[in-house]
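*Asks:*
In my numbering, the protein residues as written are 497 to 689.
What follows is the structure, given as structure tokens:
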């Protein structure tokens, strides 16, 4: 048996650092105490979003959008009955990492996976185009480890510091990089799958 609780409408707008609405942003609702994700609302062309049924409780709202980074979290409380209007969730100007992926011979590598990891917080991913180039934008300010991989090849991670919207250019060079091993249980029996 799954018992449904009544929920209340929560709606608002996503604004950028210039106080203008941000179209097509994504607003996420997180449980305020337990911390897990609950729901996502997609903003329209005017930055307006809505969650139709939010149960009683305390929540955190975050927003993200292309070319913007997540702004500060907003905390709200809901009684599960009364609609909440005009909630403003903000995004910030994000940092950018762009570059090219090549192999050891200097040839560009298409369709390589790029990952940028902000230590202990989040990761963002992209893929290279046919020209081996990639761009990750809307990244939070901070220190990232950026690396590429494709098949049995990977690049060493490069540390980049993002402080504003100025792009940081990197070149990631793929090298043969493979780890192989065997999985066993506590008795030494091989474990498949």
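For glycine and all other residues, C-beta sits at the position ideal for the given N, C-alpha and C.
(1) To which residues of the same chain is residue 619 closer than 7 Å at the C-beta, ignoring the five residues directly before and after it?
(2) Thinking residue 559 and residue 586 are a contact (beta carbons under 8 Å), I'd like their distance in whole angstroms, please.
(3) Does the distance from the CB of residue 556 to the CB of residue 528 come in under 7 Å?
(4) Take the Cβ of residue 508 as the centre, count every other Cβ of all protein chains shown within 10 Å, and call the residue buried at 16 or more, exposed below.
(5) If you reduce the DSSP assignment to three classes, tell me which class residue 635 lands in.
(6) From which residue to which residue does the beta strand (DSSP E) around residue 663 run?
(7) With three or more C-beta pairs closer than 8 Å as the rule, is the region 644-654 touching the region 574-582?
(8) What does a CB cutoff of less than 6 Å around residue 664 pick up in its chain, not counting 5 residues either side in sequence?
(9) Whose C-beta lies closer than 6 Å to the C-beta of residue 544 among residues of the same chain, with five residues either side of it excluded?
(10) DSSP three-state label for residue 692, please.
(11) Whose C-alpha, out of 689, 518, 643 and 630, is nearest the C-alpha of residue 565?
(12) Please say whether residue 606 and residue 626 have beta carbons closer to each other than 7 Å?
*Replies:* Taking the definition as stated:
(1) Here the question's residue 619 lines up with position 123 in the chain shown. If we look at residue 619 and ignore the five residues flanking it on each side, its Cβ neighbours are 611, 612 and 613.
(2) Residue mapping note: residue 559 aligns to position 63 of the chain shown, counting from 1. Residue mapping note: residue 586 aligns to position 90 of the chain shown, counting from 1. Sure, about 7 Å apart at Cβ, within 8 Å.
(3) On the chain shown, residue 556 is found 60 positions in, with the first residue counted as 1. On the chain shown, residue 528 is found 32 positions in, with the first residue counted as 1. Cβ distance < 7 Å, so residue 556 and residue 528 count as in contact.
(4) Counting from one through the chain shown, the residue named residue 508 turns up at place 12. By the 10 Å Cβ count, residue 508 comes out buried.
(5) Locating residue 635 in the chain shown gives position 139, where the first residue counts as 1. Reduced to three states, the DSSP call for residue 635 is strand.
(6) Sequence index remark: in the chain shown, residue 663 carries index 167 (1-based). Element bounds for residue 663: 663-669.
(7) no
(8) Taking the first residue of the chain shown as 1, we reach residue 664 at position 168. Taken in chain order, the residues that qualify are 593 and 656.
(9) Taking the first residue of the chain shown as position 1, residue 544 is located at position 48. Around residue 544: 509.
(10) Lying before the first or after the last residue shown, residue 692 is absent from the chain, which here runs from 497 to 689.
(11) Sequence index remark: in the chain shown, residue 565 carries index 69 (1-based). When each option's Cα is compared against that of residue 565, the closest is 518.
(12) Taking the chain shown and counting its residues from 1, one reaches residue 626 at position 130. Taking the chain shown and counting its residues from 1, one reaches residue 606 at position 110. Cβ distance < 7 Å, so residue 626 and residue 606 count as in contact.
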